[in-house]
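Asks: One structure coming up, written as structure tokens, with questions to follow.
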Amino acid sequence: MGYYLAVDIGASSGRHILGSIEDGRLKLEEIYRFENNYVNDKGSLFWDTKHLRKEVMAGLRHAGEIGKAPDTVGIDTWGVDYVLLDGEQKVLSPVYAYRDSRTANVQGEAERRMPFQELYRRTGIQKQAFNTVYQLFCDGISGRLANAKHFLMIPEYLAYTLTGKMVNEYTNATTTSMVNAASGQWDPEIMKAFDIPQDIFGELKMPGTLVGRFTEEMKNYAGYDAEVVLAPSHDTAAAVAACPLTESSIYISSGTWSLIGTENTQPIISGASRKYNFTNEGGVEHRFRYLKNIMGTWLFQNIRRELDKKYSYQDMIRMAQEAESYTEFDVNDDMLVAPESMISAIRALMEKPEAPLGEVLNSAYHSLGRAYGEAARQIEETTGKTIDRIIIVGGGSQDQYLNRMTAEYTGKRVLTGLKEATATGNLMAQIMYRNGMDLKQARQIISETFEMKEEQE
5 MGYYLAVDIG ASSGRHILGS IEDGRLKLEE IYRFENNYVN DKGSLFWDTK
55 HLRKEVMAGL RHAGEIGKAP DTVGIDTWGV DYVLLDGEQK VLSPVYAYRD
105 SRTANVQGEA ERRMPFQELY RRTGIQKQAF NTVYQLFCDG ISGRLANAKH
155 FLMIPEYLAY TLTGKMVNEY TNATTTSMVN AASGQWDPEI MKAFDIPQDI
205 FGELKMPGTL VGRFTEEMKN YAGYDAEVVL APSHDTAAAV AACPLTESSI
255 YISSGTWSLI GTENTQPIIS GASRKYNFTN EGGVEHRFRY LKNIMGTWLF
305 QNIRRELDKK YSYQDMIRMA QEAESYTEFD VNDDMLVAPE SMISAIRALM
355 EKPEAPLGEV LNSAYHSLGR AYGEAARQIE ETTGKTIDRI IIVGGGSQDQ
405 YLNRMTAEYT GKRVLTGLKE ATATGNLMAQ IMYRNGMDLK QARQIISETF
455 EMKEEQE
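What follows is the structure in structure tokens.
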């Protein structure tokens with residue numbers, strides 16, 4: 005039996021998940037898990053890439069130790085963030101996290117360099133202060149770009165540490181707001197406008213492309229050799245690739261962020277789309293993930309962390325359901341990006357500084373539901389599609405109260421059943437590479453493997 009290995013890393017944790025095909029069905033097995041979080045150093049937020057590299061390697065070695073060495077490995081993470089390397093391939097530290105506030109101060113100058121209307125016309129990517137183009141603009145102002153010779157997004161950097169090969173992957177590159185939606189390649193006019201050197205970027209490659217085999221060092225460490233293959237290295241692209249989508253369905257990839265959208269074969273770059281702040285991120289086989297970013301379980305993760313994990317998520321759901329009232333607020337308010345106290349930030353948005361914890365939680369659930377409902381109606385307006393169902397995938401799909409709020413505020417059928425969507429999409433890209441499949445064939449395997457169930461209001 006051949007094994008494929010998905011290394012799936014989120015903002016709070018990472019997992020190594022083995023995949024294999026048995027009787028036409030995909031079998032998953034989690035074999036390794038580790039914690040991840042950004043580091044806060046005197047107010048600056050950055051990622052510990054040494055920790056990430058160490059844990060990725062440890063999980064790969066564990067696969068060999070249990071006698072399940074994979075033939076291929078794929079890596080996915082969140083989007084936007086990146087690693088700069090100098091001429092000796094050394095990391096230019098720190099590796100900033102997208103929640104760092106440094107980009108807030110350059111928005112005015114960035115708008116003068118290239119108005120967002122023009123940037124959106126070129127890329128179709130939504131306005132977010134932490135988009136890579138603005139982060140790189142900050143690097144240029146600070147002088148960091150002067151020493152940069154290579155640009156790799158987080159999963160590309162991790163793949164480089166395993167193979168010694170530098171490859172830029174399409175789906176994640178589109179989150180930078182520097183890829184032209186029409187050409188599918190880096191946009192030199194954008195880089196010129198923001199004084200970003202073009203020679204630090206490589207040619208964009210599609211998911212299912214070979215990066216390379218393990219280096220000798222990695223082979224010796226892991227105890228075996230394997231091919232590293234480009235997954236859809238942006239986790240949402242991987243999750244959407246796994247979704248059993250139809251023309252009349254939209255998805256919510258429910259996790260730290262809630263990504264709600266539909267899949268198109270062409271970008272939608274209209275005035276209404278820009279006004280509603282929808283993005284056209286790249287997908288497998290050059291499809292477009294037309295979606296909106298909504299603050300997701302980040303709200304609950306931070307509340308739980310603030311309370312020293314005194315309550316389980318089930319405890320928090322129960323407290324929300326038992327609350328007698330709620331106050332809706334904007335879940336994408338900047339106050340919620342990286343607050344010192346999530347509870348205090350939500351209370352401030354509720355304008356109820358003494359609101360009980362249960363009411364705070366219930367308000368967050370209802371506010372998320374309302375945001376989903378608004379986004380679903382905007383998708384129908386801008387695409388002309390008539391939506392009849394919402395497919396919720398990812399870890400957040402296990403939150404039945406949030407699913408119920410989704411059904412209530414959207415008025416659509418809600419289907420769940422693909423908790424490990426990101427890892428599944430990662431694995432499917434590897435399977436497509438090894439077996440010469442297309443996306444339609446890969447999704448057929450997923451449909452035959454996972455049973456979707458309907459959630460009730």
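Sequential numbering from 5 applies to the sequence shown in my numbering.
Where is the CB? At the ideal position from N, CA and C, for every residue including glycine.
Only counting the same chain, and skipping five residues up and downstream in sequence, which positions put a Cβ closer than 7 Å to that of Gly362?
Replies: In the sequence shown, residue 362 corresponds to position 358, counting from 1. So the qualifying residues of the chain are Met323, Ala324, Glu326, Ala327.
Asks: Runs of 3 residues minimum, wholly inside the segment 205-253: which ones carry the beta strand (DSSP E) assignment?
Replies: 214-217, 231-233
Asks: Strictly by DSSP, which residues pair up with Arg417?
Replies: Here residue 417 refers to the residue found at position 413 when the sequence shown is read from its first residue. Looking at the DSSP assignment, Arg417 forms a beta bridge with Arg393.
Asks: Where do the N-terminal and C-terminal ends of the alpha helix (DSSP H) with Leu96 fall, by residue?
Replies: In the sequence shown, residue 96 corresponds to position 92, counting from 1. Element bounds for Leu96: n/a, residue is neither H nor E.
Asks: Mark Ile70 as exposed unless 16 or more other C-beta atoms lie within 10 angstroms of its C-beta, in which case mark it buried.
Replies: By one-based count along the sequence shown, residue 70 stands at place 66. Residue environment for Ile70: exposed (fewer than 16 other C-beta atoms within 10 angstroms of its C-beta).
Asks: CB-CB under 7 Å to Cys142, same chain, minus the five flanking residues each way: which ones, in chain order?
Replies: Indexing the sequence shown from 1 puts residue 142 at position 138. Arg106, Thr107, Val110.
Asks: May I ask you to verify whether the segment 247-262 touches the segment 347-362, counting CB pairs closer than 8 Å and requiring at least 3?
Replies: Segments in contact, no.
Asks: Quick check on the DSSP output: the beta strand (DSSP E) that includes His154 runs from which residue to which?
Replies: For the purposes of this step, residue 154 is identified with residue 150 of the sequence shown, where counting begins at 1. Note, His154: beta strand (DSSP E), 154-157.
Asks: So which of Arg393, Thr428, Leu406, Thr136 has the shortest CA-CA distance to Asp104?
Replies: Residue mapping note: residue 104 aligns to position 100 of the sequence shown, counting from 1. It is Thr136.
Asks: In three-state terms, what does DSSP make of Val110?
Replies: The residue given as residue 110 occupies position 106 in the sequence shown. If DSSP states are grouped into helix, strand and coil, Val110 belongs with the helices.
Asks: Who are the near neighbours of Arg447 in its chain, counting only those whose CB is closer than 7 Å to its CB and skipping five residues on each side?
Replies: By 1-based counting over the sequence shown, the position of residue 447 is 443. Hits under 7 Å: Pro248.
Asks: Distance check for Leu340 and Val60, CA to CA, integer angstroms please.
Replies: Position 56 of the sequence shown holds residue 60. Position 336 of the sequence shown holds residue 340. Taking the straight line joining both Cα atoms gives about 30 Å.
Asks: Determine contact between the segment 118-127 and the segment 179-197, defined as no fewer than three beta-carbon pairs at a distance below 8 Å.
Replies: yes
Asks: For the beta strand (DSSP E) that Val4 lies in, which residues bound it at each end?
Replies: The question about residue 4 has no answer, for the chain in this structure spans 5 to 461.
Asks: Using the Cα positions of Arg291 and Ala241, report the straight-line distance between them to the nearest angstrom.
Replies: The residue you call residue 291 lines up with position 287 of the sequence shown. The residue you call residue 241 lines up with position 237 of the sequence shown. A direct Cα-to-Cα measurement between Arg291 and Ala241 gives close to 10 Å.
Asks: Within a Cβ cutoff of 8 Å, which residues of the same chain sit near Gln305, ignoring the five residues on either side of it in sequence?
Replies: If you number the sequence shown from 1, residue 305 lands on position 301. Excluding positions up to five away in sequence, the list reads Ser16, Thr260.
Asks: Does the beta-carbon of Asn151 have 16 or more other beta-carbons within 10 angstroms, so that it is buried, or is it exposed?
Replies: Locating residue 151 in the sequence shown gives position 147, counting from the first residue. Counting Cβ neighbours within 10 Å, Asn151 comes out exposed, since fewer than 16 surround it.
Asks: What's the C-alpha gap between Ala114 and Lys296?
Replies: Numbered from 1 along the sequence shown, position 110 holds the residue referred to as residue 114. Numbered from 1 along the sequence shown, position 292 holds the residue referred to as residue 296. Cα-Cα distance, rounded: 22 Å.
Asks: Find the nearest neighbour of Ser252 within the set Thr178, Ala380, Ser277, judged by alpha-carbon distance.
Replies: Here residue 252 is taken as the residue at index 248 of the sequence shown, counted from 1. For the residues Thr178, Ala380, Ser277, the minimum Cα distance to Ser252 belongs to Ala380.
Asks: Residue ranges of each alpha helix (DSSP H) run of no fewer than 4 residues wholly in the segment 296-334, ordered along the chain?
Replies: 302-310, 317-326
Asks: In chain order, what residues of the same chain have a beta carbon less than 6 Å from the beta carbon of Tyr100, not counting five sequence neighbours either side?
Replies: For the purposes of this step, residue 100 is taken as residue 96 along the sequence shown, with counting starting at 1. Result list for Tyr100: Phe50, in chain order.
Asks: Roughly how many angstroms separate the alpha carbons of Lys416 and Asp392, rounded to a whole number?
Replies: Within the sequence shown, the letter at position 412 stands for residue 416. Within the sequence shown, the letter at position 388 stands for residue 392. Cα to Cα, the separation comes out at about 6 Å.
Asks: Hey, is the segment 398-411 in contact with the segment 419-434, meaning 3+ C-beta pairs nearer than 8 Å?
Replies: yes
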